[in-house]
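Written below as structure tokens is the structure these notes are about.
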Amino acid sequence: MSAKLTNFLLSAVQIMLGSAVLNSRQHIGLQRVSALAETVRSSVGPNKKYKFIQDDTSGESVLVCSCFRIIESLEPTCAVGQLVLETVQAHHKVYRSGSGCLLLLAGAWSRAALDCLHRGISVTNIISFMSEGMDICLDVCKESTVLFEDLAVTGRRTAAPRGVEKTFTEAPQGSRHMQRATKSDDMTPNMSVRRKTKLSRHFCETTLHLDEPDVPGVSHAAEMLSHGCEGSMKLVVEAFQLQSKKNQELRNPMFDISKVMTCVLPGLPEGRACVLHGCVVLLSHEQVSVAHQIKERRLKVAFINGDLTHTYRHLGFKKPPGVQPVSERSVPSGSSKEDEWLEKVVEVFLSLEVNLILTTGLACESLIQTCCRHRILLVERVNSPALRLIANSSGALPVTYPTQLSEHCVGTGVQIFIWTDLSSYGRKPAAAVNISTGGGVGLVTAVITSCVDGKLQALEDQFWACAHRLHHALKDRVLLPGAGATEMLCIHHLQKAAERHSQADADRAQETKTGTAAGLHRGHVLQLMADGLIDYITTVTVNAGRFSAVEARTVVSRQLQNFHRDQIMAGKFSQLALEAEGDASADKTPAARIYDNLSVKQEAWRKALDLVFLVLQTDAEVITGTGRKGEDNLMLL
Amino acid sequence: MSRLVKKSPSVCTDLPLDNADICNKLRLMRELLGSCYGPTGRLKQIHNNIGGRVVTTSSSSVLLPAIASSEPFVNLIRTSILHHVRRFGDCGLFAAIFCLSLVEQAKQSGLRAKAVIRSNEHLASLCTDYLKQGGCGCKVKLDLCSGRDLVALARSVVSSKPACVLTEPECVHISRLAVRAFLLTVPCDTPGSVSLGQTVRVSVEGLPVTHSAVVPGLLVDTAEDVYLSQPCSLPHPLVLFSASLAGDLSELGDGLIEVHPRVDSDSQVLSQLLELGNQVVRDGVKVFVCQKVIHPVLQLYLTSHGVTVVERLGVTLMEPLIQLTGAQPVATLHSAVQPTAYGQVGGLSVRRFGSKTMLHLQACGESAICTIILCHRNETMLNELKVTCQKAEHVLRLALREPSALRGGGCTETHLAAYVRRQSKSEVPALGRGCSQTEYLRAAEAFCRSLESVARSLEHDGGTSTIDPTHAHRWTRPSDVATERRGVGAGCCGCGSLDGRETWTSAEFPPADLLRDASVQPGVLDSFTAKLNALQVAVETANLALDVRYVIRDVN
Chain A
1 MSAKLTNFLL
11 SAVQIMLGSA
21 VLNSRQHIGL
31 QRVSALAETV
41 RSSVGPNKKY
51 KFIQDDTSGE
61 SVLVCSCFRI
71 IESLEPTCAV
81 GQLVLETVQA
91 HHKVYRSGSG
101 CLLLLAGAWS
111 RAALDCLHRG
121 ISVTNIISFM
131 SEGMDICLDV
141 CKESTVLFED
151 LAVTGRRTAA
161 PRGVEKTFTE
171 APQGSRHMQR
181 ATKSDDMTPN
191 MSVRRKTKLS
201 RHFCETTLHL
211 DEPDVPGVSH
221 AAEMLSHGCE
231 GSMKLVVEAF
241 QLQSKKNQEL
251 RNPMFDISKV
261 MTCVLPGLPE
271 GRACVLHGCV
281 VLLSHEQVSV
291 AHQIKERRLK
301 VAFINGDLTH
311 TYRHLGFKKP
321 PGVQPVSERS
331 VPSGSSKEDE
341 WLEKVVEVFL
351 SLEVNLILTT
361 GLACESLIQT
371 CCRHRILLVE
381 RVNSPALRLI
391 ANSSGALPVT
401 YPTQLSEHCV
411 GTGVQIFIWT
421 DLSSYGRKPA
431 AAVNISTGGG
441 VGLVTAVITS
451 CVDGKLQALE
461 DQFWACAHRL
471 HHALKDRVLL
481 PGAGATEMLC
491 IHHLQKAAER
501 HSQADADRAQ
511 ETKTGTAAGL
521 HRGHVLQLMA
531 DGLIDYITTV
541 TVNAGRFSAV
551 EARTVVSRQL
561 QNFHRDQIMA
571 GKFSQLALEA
581 EGDASADKTP
591 AARIYDNLSV
601 KQEAWRKALD
611 LVFLVLQTDA
621 EVITGTGRKG
631 EDNLMLL
Chain B
1 MSRLVKKSPS
11 VCTDLPLDNA
21 DICNKLRLMR
31 ELLGSCYGPT
41 GRLKQIHNNI
51 GGRVVTTSSS
61 SVLLPAIASS
71 EPFVNLIRTS
81 ILHHVRRFGD
91 CGLFAAIFCL
101 SLVEQAKQSG
111 LRAKAVIRSN
121 EHLASLCTDY
131 LKQGGCGCKV
141 KLDLCSGRDL
151 VALARSVVSS
161 KPACVLTEPE
171 CVHISRLAVR
181 AFLLTVPCDT
191 PGSVSLGQTV
201 RVSVEGLPVT
211 HSAVVPGLLV
221 DTAEDVYLSQ
231 PCSLPHPLVL
241 FSASLAGDLS
251 ELGDGLIEVH
261 PRVDSDSQVL
271 SQLLELGNQV
281 VRDGVKVFVC
291 QKVIHPVLQL
301 YLTSHGVTVV
311 ERLGVTLMEP
321 LIQLTGAQPV
331 ATLHSAVQPT
341 AYGQVGGLSV
351 RRFGSKTMLH
361 LQACGESAIC
371 TIILCHRNET
381 MLNELKVTCQ
391 KAEHVLRLAL
401 REPSALRGGG
411 CTETHLAAYV
421 RRQSKSEVPA
431 LGRGCSQTEY
441 LRAAEAFCRS
451 LESVARSLEH
461 DGGTSTIDPT
471 HAHRWTRPSD
481 VATERRGVGA
491 GCCGCGSLDG
501 RETWTSAEFP
511 PADLLRDASV
521 QPGVLDSFTA
531 KLNALQVAVE
541 TANLALDVRY
551 VIRDVN
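Structure follows, in structure tokens:
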């Protein structure tokens with residue numbers, strides 16, 4: 001073969017300007033985005049159904065629940081699919097929820113863009129009008145926010161008994177809260193009345209937390225953010241309360257999710273899930289016996305960043321390739337290098353009198369055994385941020401090699417507690433052990449349990465989604481009315497703007513007879529964007545399970561027709577998706593109002609539109625490397 | 001026994017421009033690059049055929065390397081444009097489209113190649129002479145004292161890349177940052193020859209664009225729990241290693257080493273490292289930076305002695321750090337560090353951007369090093385934003401050398417075409433036997449059409465481009481009439497300095513100085529130096545392409 005030949009193929013998403021007029025009206029990229037979005041349609045909203053995704057080639061299957069896991073498991077291979085996946089992953093990494101909203105809206109707005117192309121609206125105009133629509137929506141979001149404290153205080157006041165409330169009003173800071181509370185009560189007259197009768201379950205919860213002034217009603221606000229994952233949110237609130245016990249910031253309670261870990265335990269009923277200080281690790285049989293011997297004592301502890309094997313070298317260390325040992329006589333085989341190393345390491349541990357060793361990597365079997373004999377508990381595969389936090393709080397310095405350990409690297413005051421004996425057989429872990437530093441650093445671990453193996457991932461995802469929602473709510477300090485209320489308001493504003501533009505244009509056309517189509521087109525685009533949001537709301541309503549698609553659409557359009565601005569404040573408007581949902585759980589839990597995160601929603605919308613813009617503006621796909629022959633729609637350069 | 005394979009003879013293509021296949025490929029390339037041109041240009045998704053990463057872009061610096069062709073003739077043109085892009089950073093698409101349409105027009109005109117080449121050479125020099133003149137109608141003087149012109153120049157670059165997906169305020173923000181970063185790289189009071197500093201780009205995914213910022217000094221990636229030495233005495237002495245301090249024997253190369261089994265080479269290297277650490281601590285160094293890995297034992301030793309340690313700096317940050325601190329990189333660990341090798345750091349702090357923790361190193365005194373932190377919502381757009389900012393910086397630097405700009409938005413091209421038409425009609429140069437007078441006139445027409453076709457390439461929504469007779473600027477009438485130009489008000493010419501209210505008068509050329517009041521600055525500006533060079537590269541490349549008689553390929 002001669003020099004590397006690189007061919008260039010051009011696929012027919014849309015070939016070139018000359019022939020583009022026809023092709024551009026059926027933009028393949030946008031169609032693909034729309035098709036991908038369809039795959040998650042039934043999983044959008046709080047009522048999710050589990051789905052099996054089966055790999056035909058390997059026969060493996062996974063149980064998925066969230067939209068993110070669906071799109072991730074589907075592994076889209078086409079260029080547009082990769083762009084979609086990249087966008088969703090970027091969103092998921094930061095927010096852990098809202099991926100469904102992002103995808104569904106990207107799909108709906110892709111269809112809107114396709115429709116615009118059909119009408120002959122130019123790409124430049126579609127982009128500028130849609131950006132305008134997005135600005136309208138973001139403005140609506142900004143205007144309809146509710147202060148987090150208001151919610152928290154309202155929740156507490158209505159739930160708290162009269163006597164407590166009175167003492168509260170006498171306190172100087174309480175009076176400020178009260179003013180706020182009454183203010184919000186003015187806006188929501190129906191709500192507070194209803195909650196008084198219905199929120200009996202929170203009654204005891206909130207009164208309980210009144211003893212801790214640092215979490216004013218957060219649990220109540222969290223309830224409204226749970227989006228159908230009450231169990232997970234309960235864990236999150238527990239984690240928050242454990243964390244904030246030490247954190248004395250009353251004004252701005254924060255939820256530091258970087259100090260929250262999860263530990264999944266299969267085989268236990270879901271009710272065993274709980275939150276503990278410190279971290280939780282799973283131990284084998286021999287280790288458990290050591291753990292029993294040293295439990296609940298203040299221990300000396302050493303931290304190792306890396307593996308505990310004699311061959312381990314730190315990252316970036318290159319073994320010289322050509323080293324050859326030469327010697328006159330063969331080395332006595334009795335003491336191998338490994339034994340020497342083992343002896344040295346154990347000696348270090350014993351001389352420092354450590355009882356507990358945590359390592360981020362693996363440890364060799366013989367070392368674990370030897371440590372057990374010396375009543376030293378060696379725990380492998382500790383999450384490295386957790387290791388760092390525990391090390392910090394116990395005054396230790398994590399090192400890379402055990403031989404580096406010295407007196408000042410060793411920490412004290414760490415305790416271990418046996419959380420549960422799993423009493424299983426074979427190589428399975430025998431016990432879950434809680435390693436705690438007394439909560440000084442705010443490291444907490446949520447233990448997530450389930451009898452069904454496949455469900456653990458979904459439960460863990462739910463926990464993180466809830467944790468991030470609470471984290472962002474406390475960070476933003478504001479929330480949006482949920483259950484479709486914000487979207488409804490956006491639709492209303494978009495439609496109003498659309499009408500205004502069409503109307504203005506009609507007037508101008510009458511005057512001059514040569515009115516531009518600008519207003520008309522702008523109206524179309526805004527209307528189509530509103531339709532995208534309507535599609536989203538109806539999908540969520542349908543998924544909630546009470547209405548069929550047609551009914552849901554009717555309900556939405558009826559709501560829109562009888563729309564008054566004050567309705568949203570009166571709390572009637574938002575109950576749309578809730579009504580449907582409340583059905584199933586009406587007998588047990590009263591229908592609390594639902595709230596959404598401001599930042600999550602804004603980012604999801606914006607990313608959805610980014611995706612549509614990127615794909616809309618793309619007119620060709622360049623494939624490098626030697627091409628496959630026989631595809632008619634490819635052009636070769 | 002070795003097998004002999006008969007060498008297959010070379011393949012020779014006669015008159016490549018008469019080859020239909022090659023012509024098709026050239027046309028395809030022109031359409032492909034033409035569709036990317038300008039602020040409303042279309043994007044391309046580039047990926048390899050085995051499912052690699054997808055890059056979405058419309059910028060020539062990413063696109064041109066990707067579209068390598070199987071045809072050497074096409075690659076000839078591609079690489080010569082690519083060299084221009086690497087050198088000047090901007091106007092790559094202009095050069096490519098102009099060059100390809102020159103070749104196409106020359107072919108269509110049916111003129112002899114020699115005549116076209118002669119004429120093109122003459123016409124190109126006519127254009128460059130005109131552009132260099134003081135009274136040139138498409139040149140704008142840049143006022144380097146005011147930020148406005150620089151921001152306008154940067155903005156034209158930033159807004160011409162639709163794959164960044166920026167809103168109007170975001171676009172302005174990024175342009176301002178680009179200018180601020182550029183100004184920070186201009187040293188203030190250095191006597192003698194001035195050398196510009198460097199801008200380091202750091203990208204953070206997931207934050208809004210408006211969180212992007214410029215900071216003087218350097219930001220380097222660091223571990224979450226970096227140890228900061230106490231700010232007892234500023235400035236901090238700093239030592240910089242370019243050698244690996246991982247404790248391995250990587251410096252020895254590939255040879256075979258024979259070692260006695262009792263010799264522990266690792267611990268010997270480590271003791272050497274610790275000795276080095278000891279010396280550095282004795283010399284009062286507070287910041288210890290290594291391009292590569294540092295052995296954890298040495299790290300622990302240094303931090304326990306109050307030294308801030310940064311490892312894995314990477315080769316790209318070495319040069320800026322040397323400039324910032326004045327340190328000499330130490331390339332070996334086997335000898336003591338010379339006292340002259342130490343540099344100094346003026347300030348040290350930890351900054352967090354999204355998920356990134358970074359160490360902020362500031363210079364002791366004046367320094368021309370700055371860091372621009374670019375944030376965007378996803379990686380695709382962030383990558384394009386990075387390329388765009390680099391381009392803007394390049395363009396601003398070129399403006400420093402020649403403080404002028406050309407009217408953007410296609411107005412320079414149409415204006416030049418009008419100028420060339422007029423000049424070629426009024427005076428026909430004697431081009432010798434190679435080119436007759438009629439041939440010259442027809443070649444000039446082809447040249448003008450090529451220039452105009454570049455201007456037309458800016459329109460992608462099916463609108464019609466027109467040229468006014470007074471100033472020869474470019475105007476667009478959109479196909480769906482609904483177009484309202486973003487930024488520039490409705491009914492402006494391409495560069496935004498004229499609006500449609502004027503009545504056109506006859507074609508006086510060169511037109512009288514059209515903008516006497518300085519307030520009407522064009523909104524869209526192109527880099528003067530880059531465009532001038534692009535014009536020359538395009539013409540030279542086209543001439544070379546027209547001159548190729550045979551393509552001979554060794555297919556073995």
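Just so you know, the sequences run in chain order A and B.
Under full-length UniProt numbering, think of the first position of the first sequence as 1, with each following residue one higher.
Under full-length UniProt numbering, think of the first position of the second sequence as 1, with each following residue one higher.
Cβ coordinates follow ideal geometry from the N, Cα and C atoms, glycine included.
Short of 8 Å in beta carbon distance, which residues of its chain neighbour Gln-45(B), apart from the five on each side in sequence? Order them along the chain.
Within the same chain, Gln-45(B) has close Cβ partners Val-54, Val-55, Thr-56.
Does the structure place the stretch 369-376 of chain A close enough to the stretch 335-346 of chain A that three or more beta carbon pairs sit under 8 Å?
In short, these stretches touch, since the Cβ pair count reaches three.
Assign Val-287(B) to one of three DSSP states: helix, strand, or coil.
Val-287(B) falls in the strand class under three-state DSSP.
Using a C-beta cutoff of 9 Å, does Ser-156(B) count as contacting chain C?
Reference to chain C is not applicable here, since the protein chains of this structure are A and B.
So Gln-268(B) and Ala-336(B) are supposed to be a Cβ contact under 8 Å. How far apart are they, rounded?
With a Cβ gap of about 17 Å, Gln-268(B) and Ala-336(B) do not count as contacting.
Take the Cβ of Asn-543(A) as the centre, count every other Cβ of all protein chains shown within 10 Å, and call the residue buried at 16 or more, exposed below.
It is buried - the Cβ of Asn-543(A) has at least 16 other Cβ atoms within 10 Å.
Starting from the Cα of Phe-528(B), find the closest Cα among Ser-160(B), Leu-142(B), Ala-115(B) and give me that residue.
Ranking the options by Cα distance to Phe-528(B), first place goes to Leu-142(B).
Taking only the alpha-carbon atoms, compute the straight-line gap between Gln-561(A) and Gln-527(A) and give it to the nearest angstrom.
Their Cα atoms are separated by approximately 15 Å.
Just to confirm, are Pro-329(B) and Val-326(A) a CB contact at a threshold of 9 Å?
In this structure, Val-326(A) does not lie closer than 9 Å to Pro-329(B) by Cβ.
Determine the direct distance from the alpha carbon of Ala-608(A) to that of Leu-104(A), and round the result to whole angstroms.
Spanning the two alpha carbons is a distance of roughly 8 Å.
Considering only residues of the stretch 406-441 of chain B, which uninterrupted beta strand (DSSP E) runs meet the minimum length of 3 residues and lie entirely inside it, listed in chain order?
Correct list: empty.
What whole-angstrom Cβ distance do Leu-235(A) and Val-264(A) have, given they're in contact under 8 Å?
In fact, because the Cβ distance is near 12 Å, the residues do not count as touching under 8 Å.
Please give the ranges of any beta strand (DSSP E) in the stretch 208-267 of chain B, keeping only runs that are unbroken, at least 3 residues long and fully inside the region.
Taking only runs of at least 3 residues, the beta strand (DSSP E) segments lying wholly in the stretch 208-267 of chain B are 213-216, 218-221, 236-241, 257-259.
With a cut-off of 9 Å, does the C-beta of Leu-614(A) fall near any C-beta of chain B?
Yes, Leu-614(A) counts as interfacial toward chain B.
Strictly under 9 Å for the Cβ-Cβ distance: is residue 566(B) near chain A by that measure?
Examination of residue 566(B) is not possible in this model, given that chain B is present from 1 through 556 alone.
Report buried or exposed for Tyr-50(A), applying the criterion of at least 16 other Cβ atoms within 10 angstroms of its Cβ.
Under this definition Tyr-50(A) is an exposed residue.
I'd like to know if Asp-248(B) contacts chain A, where contact means its C-beta is closer than 9 Å to some C-beta of that chain.
Interface residue, yes.
Report the rounded CA-to-CA distance for Arg-148(B) versus Leu-15(B), giving the unit in angstroms.
Computed Cα separation, rounded: 51 Å.
Okay, do the stretch 451-465 of chain A and the stretch 308-322 of chain A touch, 3+ Cβ pairs below 8 Å being the bar?
Not touching, per the Cβ criterion.
May I ask you to report which of helix, strand or coil DSSP gives Asn-543(A)?
Three-state DSSP puts Asn-543(A) in a helix.
Give the range of the beta strand (DSSP E) segment to which Pro-481(A) is assigned.
Taken as a continuous stretch (DSSP letters only), the beta strand (DSSP E) holding Pro-481(A) covers 478-481.
Using only the alpha-carbon positions, how far apart do Leu-544(B) and Asp-55(A) sit?
Going by the C-alpha atoms only, they are around 55 Å apart.
Using the rule of at least 16 other Cβ atoms within 10 Å of the residue's Cβ for burial, across every protein chain shown, is Val-193(A) buried or exposed?
Note that Val-193(A) has pLDDT 32, beneath the 50 cutoff, so the model's placement of it is unreliable and no number is given.
CB Val-157(B) to CB Ser-175(B), shorter than 9 Å?
Yes; because the gap between Cβ atoms is below 9 Å, this pair is in contact.
For chain B, find out if any of its Cβ atoms is closer than 9 Å to the Cβ of Gly-361(A); answer yes or no.
Closer than 9 Å: no.
Near Gly-277(B), which residues of its chain fall below 7 Å by C-beta distance, leaving aside the five closest residues on each side in sequence?
Counting only Cβ-Cβ distances below 7 Å, and skipping sequence neighbours, we find Leu-298, Tyr-301, Leu-302.
Starting from Ile-53(A), trace the beta strand (DSSP E) in both directions and tell me its first and last residue.
Residues 51-54.
Please name the residues in the stretch 363-396 of chain B whose beta-carbon is closer than 8 Å to at least one beta-carbon of chain A, in chain order.
Listed in sequence order: Arg-377, Asn-378, Glu-379, Thr-380, Met-381.
Restricting to runs no shorter than 3 residues, where is the beta strand (DSSP E) found entirely within the stretch 316-386 of chain B?
Listed in chain order, the complete beta strand (DSSP E) runs (minimum 3 residues) inside the stretch 316-386 of chain B are 343-345, 347-353, 356-362, 369-376.
Could you tell me the boundaries of the beta strand (DSSP E) in which Ile-416(A) lies?
Counting along the chain, the beta strand (DSSP E) containing Ile-416(A) begins and ends at 411-421.
Which class does Ala-363(A) belong to by DSSP, given the choice of helix, strand or coil?
Residue state, collapsed to three classes: strand.
Which residues in chain A sit within 9 Å of Ile-50(B), going by Cβ to Cβ distance?
Those within 9 Å of Ile-50(B) in chain A are Gly-625.
Looking only at its chain, what residues have a beta carbon closer than 8 Å to the beta carbon of Lys-513(A), apart from the 5 residues adjacent to it on each side?
Reliability fails at Lys-513(A), whose pLDDT of 41 lies under 50, so the model's placement of it is uncertain and no value is given.
Taking Gly-271(A) as the reference, give the member of Gly-133(A), Val-447(A), Asn-383(A) with the closest Cα.
Nearest option by C-alpha distance: Val-447(A).
Rounding to the nearest angstrom, what Cα-Cα distance links Lys-601(A) and Asn-533(B) in this structure?
Going from the Cα of Lys-601(A) to the Cα of Asn-533(B) covers about 48 Å.
Would you mind telling me which residues of chain B sit closer than 8 Å to Leu-315(A), beta carbon to beta carbon, in chain order?
The contacting residues are Val-293.
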